[in-house]
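Counting with full-length UniProt numbering, you get residues 1 to 351 for the letters of the sequence shown. For each residue, glycine too, the CB sits at the ideal point set by N, CA and C.
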Amino acid sequence: MMLPEGHCLHPGHPDLRGHARFLNLDTGALVRAAVPLLDEDHLAVDSVDGLLLLLGDQYQRGTVRLLNPLTGDVAELPPLATLLPLLADTSLYSCPVLYRIKRLGTGACASASFKDGVVTVMLALDAVNRVAFATSLDRQWSLSSWKYWTAAPPLAFQGKLYMLETTPDYECGNNVHKFLQVGPPVYQDEAASGGVLQPPEVIATITGSKFCDPDYLVECDSEILVLGYRGASMSQIVICKLADLVQQRFIPMRSIGDNTLFVGKRCISVSSKVLSTVTGDNVVCTHPRKSYLAQYHLSSGTWSPAIDDCSLCGRAQGPSSLVHYVVSCCTRTLWNRGIVLRKGPPGSYAW
Numbered sequence: 001m002m003l004p005e006g007h008c009l010h011p012g013h014p015d016l017r018g019h020a021r022f023l024n025l026d027t028g029a030l031v032r033a034a035v036p037l038l039d040e041d042h043l044a045v046d047s048v049d050g051l052l053l054l055l056g057d058q059y060q061r062g063t064v065r066l067l068n069p070l071t072g073d074v075a076e077l078p079p080l081a082t083l084l085p086l087l088a089d090t091s092l093y094s095c096p097v098l099y100r101i102k103r104l105g106t107g108a109c110a111s112a113s114f115k116d117g118v119v120t121v122m123l124a125l126d127a128v129n130r131v132a133f134a135t136s137l138d139r140q141w142s143l144s145s146w147k148y149w150t151a152a153p154p155l156a157f158q159g160k161l162y163m164l165e166t167t168p169d170y171e172c173g174n175n176v177h178k179f180l181q182v183g184p185p186v187y188q189d190e191a192a193s194g195g196v197l198q199p200p201e202v203i204a205t206i207t208g209s210k211f212c213d214p215d216y217l218v219e220c221d222s223e224i225l226v227l228g229y230r231g232a233s234m235s236q237i238v239i240c241k242l243a244d245l246v247q248q249r250f251i252p253m254r255s256i257g258d259n260t261l262f263v264g265k266r267c268i269s270v271s272s273k274v275l276s277t278v279t280g281d282n283v284v285c286t287h288p289r290k291s292y293l294a295q296y297h298l299s300s301g302t303w304s305p306a307i308d309d310c311s312l313c314g315r316a317q318g319p320s321s322l323v324h325y326v327v328s329c330c331t332r333t334l335w336n337r338g339i340v341l342r343k344g345p346p347g348s349y350a351w
């Protein structure tokens, strides 16, 4: 995961001299690598499987590249501007071209799959609730014929997209939570053109009477976990495996081992080896009823501050905790601008 720098140093800032820092979320290894593309007017819009999805403004076309920051390997994808004619029926159509491109790119959740040397990328575009897709052989992006409406941020996992949709069931008086899977597009010829993206497949359902409020999907130890709150008071967090829900089994987990889950608009699992101030078997998030960064210990069911009083306000009193950096990675619009989120005066946030 690329770490934000803070101090208004966005990725590609001249003071960084074309370098960025990357943290291994399993081992804690920290690497400073040269990423020349960030100096060439590119914006990192997402990170998937250790790769950076870059959006450039070259010729106001929105060039898209998938970069391995450690090896320098780059996959060229079609410009995002090729999507714009397909969005004539949206409110974005009347906006300036450059704004439309950045609005589409900066809110995207990307998945990537690889076959026979060809890269296929899907983008869940929250700006229009559609999924765009293309390969490294295509000249333009294609758009799903269907829209999605999610109750949780989409999750990219092993080349697929996973979503959570909640609909009311007026007969039983409970919500019904549906877990959706979007597989890679299907191509009819070897040239990988003219692909079709099938509608989402419902792989699991559960009623609100069993799981009141699932809110997040997160990858942890090569599995997808579903995280939510128990009851309207939101005093307890419940975590279960999506694989169990697929088998129609609701089995709340008693522990997630040495892992800590950071949840937000993007959810991240971090090994306890990485963080010295937060032990494993925890969920780090903004407290659902109070405005502070909290950790919920799954085994004991207790809440506590995620950081000590001395570092509560981050750089206002000294160096920011590594927790601040990882929390900032959970919000793409902060992460790709190099902003480290910290709590400022009561009731406010700053960086």
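Figure out for me which residue from 157, 156, 158 and 177 has the closest Cα to the Cα of residue 164.
177
Is residue 134 near residue 125, with beta carbons less than 7 Å apart?
no
Residue 303, enclosing beta strand (DSSP E) - first and last residue
302–305
If you drop the 5 nearest sequence neighbours on each side, which residues of the same chain put their C-beta closer than 7 Å to that of residue 256?
220, 239, 281 and 298
Any contact of the segment 73–84 with the segment 15–31, i.e. 3+ C-beta pairs under 8 Å?
no
Inspect the CB distances between the segment 324–344 and the segment 259–270 and report whether three or more fall short of 8 Å.
yes
With DSSP as the reference, identify every bridge partner of residue 130, one or two as the case may be.
125
Between which two residues does the alpha helix (DSSP H) containing residue 322 stretch?
322–329
Which whole runs of the beta strand (DSSP E) in the segment 133–195 are 3 residues long or more, in chain order?
155–157, 160–169 and 174–182
I'd like the list of long-range same chain contacts for residue 198, defined as Cβ closer than 7 Å, with 5 residues on each side in sequence excluded.
183 and 186
Coil, strand or helix - residue 266 by DSSP:
coil
Where are the beta strand (DSSP E) runs, 3 residues long or more, that stay fully inside the segment 13–93, in chain order?
19–23, 30–34, 42–48, 51–56, 64–67 and 74–77
Given a threshold of 16 other Cβ atoms within 10 Å of its Cβ, counted over all protein chains shown, does residue 8 qualify as buried or as exposed?
exposed
Those runs of the beta strand (DSSP E) which lie wholly inside the segment 231–304 and span at least 3 residues:
237–241, 259–262, 268–271, 282–286 and 293–297
Just to check my reading of the structure: residue 66 and residue 29 have Cβ atoms closer than 8 Å, yes? What is that Cβ distance to the nearest angstrom?
Contact doesn't hold; Cβ gap of about 22 Å is too wide.
Check each candidate in 226, 206 and 211 and name the one with the smallest Cα separation from residue 248.
206
Between which two residues does the alpha helix (DSSP H) holding residue 101 run?
97–106
Considering only residues of the same chain and omitting the five flanking positions on each side of residue 27, which have a CB-CB separation below 8 Å?
271, 273 and 274
Let me know the secondary structure DSSP gives residue 356 once reduced to three states.
An answer regarding residue 356 cannot be provided, because it is not within the stretch 1 to 351 covered by the chain.
Contact between the segment 87–105 and the segment 144–162 (3+ Cβ pairs under 8 Å)
no
Look at residue 307 and residue 321 and say whether their C-beta atoms are less than 7 Å apart.
yes
Between residue 63 and residue 254, what straight-line distance do the alpha-carbon atoms span, to the nearest angstrom?
45 Å
Keeping to the same chain, check which residues put their C-beta closer than 8 Å to that of residue 250; ignore five residues upstream and five downstream.
206, 210, 211, 240 and 244
Taking DSSP as the reference, what is the three-state secondary structure of residue 334?
helix
Does DSSP put residue 114 in a helix, in a strand, or in coil?
strand
Can you list the beta strand (DSSP E) stretches of 3 or more residues lying completely in the segment 196–228, in chain order?
201–207 and 213–220
Contact under 7 Å by Cβ, residue 48 with residue 110
yes
Distance CB(residue 336)-CB(residue 43) smaller than 7 Å
yes
Residue 94 burial status per 10 Å Cβ neighbour count (16 or more: buried)
exposed
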